[in-house]
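Numbering (the working numbering), first residue to last: 12 to 71.
For every residue, glycine included, the Cβ atom is placed at its ideal position computed from N, Cα and C.
As the structure is a computational prediction, the values presented were derived from the model and not from experiment.
Worksheet for the structure shown next.
Have a look at this one:
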């Protein structure tokens with residue numbers, strides 16, 4: 012049991028997914044392609060909840 016716990020503690024930090032560059036390395040919104048054209052796709056985006064935070068910084 013101790014070996015399993017130790018293995019998990021070592022491996023978990025390396026378990027992350029790569030996000031697409033065009034999503035700025037953040038999770039991309041889920042979508043369904045509604046229509047494909049020569050230069051673009053028309054997509055229906057799944058409703059998403061967004062979270063924001065405030066970062067302290069120089070206010071001058």
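- Residue range 52-56 is occupied by the beta strand (DSSP E) that includes residue 56.
- Secondary structure at residue 41: coil, using DSSP grouped into helix, strand and coil.
- Residues of the same chain with their beta carbon placed closer than 6 Å to that of residue 16 are lacking, with the five preceding and five following residues left out of the count.
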